[in-house]
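Notes for the one structure printed next.
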Amino acid sequence: MVNSYKTVTEIAAPPEVVREKFLDFEALPTYSPNGYLKSIAPTDPTKTISTLQLGEKLHIVMTHITFDGLLVKNSPTCFAWQGGVPGLMKGVHSFRFEKSTTTAGGTTFTQEEVFTGPLSFIFGEGYVANALGIRENSCKGWVPWNEDLKRWCEGKTGE
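Everything in the sequence shown is counted per full-length UniProt numbering, starting at 1 for the first residue and increasing by one.
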């Protein structure tokens, strides 16, 4: 079973600028002090995001959960990690930076979570999932954070 959800935000800055600012994880508290995403850092203190290899661990702190995930993609168009409970559920959280087809010179920024495994139904749209509200609450956190990133990339912080 596969369940996923995503948010899409148009940003009036080129994809390489959005990606560069996104990867500046030390700036997270500056441009999104109340956002759901609090910090991302390599678990190995001798590493930096630029030296981290696929399969190495990231320490991720969100408002509702803290965990170590594996870096599964770090390309000019996508940054993604994987977390989950072995044998029960796996989630891949990705951030995509694509040239916009609607905002001249801009970026279509997509944040998506894809869940697989026996417990992935709790992230779907069924009765139990809706009762738990995980999908709705996650997207409620993602949208303001995406808007914080947008303002920062467009040079409009503090507005």
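Think of the CB as a built atom: it goes at the ideal place given N, C-alpha and C, for glycine as much as any other residue.
- In this structure, Val18 sits near Phe109, with a CB-CB distance shorter than 8 Å.
- A contact between stretches requires three or more CB pairs, one per stretch, nearer than 8 Å, and the stretch 27–45 fails this requirement with the stretch 3–18.
- Here Asp24 is exposed. Its C-beta has fewer than 16 other C-beta atoms within 10 Å.
- In the pairwise beta carbon analysis, the stretch 148–155 is classified as not touching the stretch 76–83: fewer than three pairs are separated by under 8 Å.
- With respect to Val92, Val61 sits apart: the two C-beta atoms are not nearer than 8 Å.
- C-alpha of Val114 to C-alpha of Ile40: approximately 19 Å in a straight line.
- By the 16-neighbour rule on beta-carbons within 10 angstroms, Leu88 is exposed.
- Taking 4 residues as the shortest admissible run, the stretch 53–118 contains no complete alpha helix (DSSP H) segment at all.
- The closest CA to that of Lys99, considering only Pro15, Gly126 and Glu125, is found on Pro15.
- Between the alpha carbons of Glu147 and Thr103 lies a gap of roughly 15 Å.
- Inclusion of Gly141 and Thr63 in the CB contact set at 8 Å is warranted, their separation being smaller than that value.
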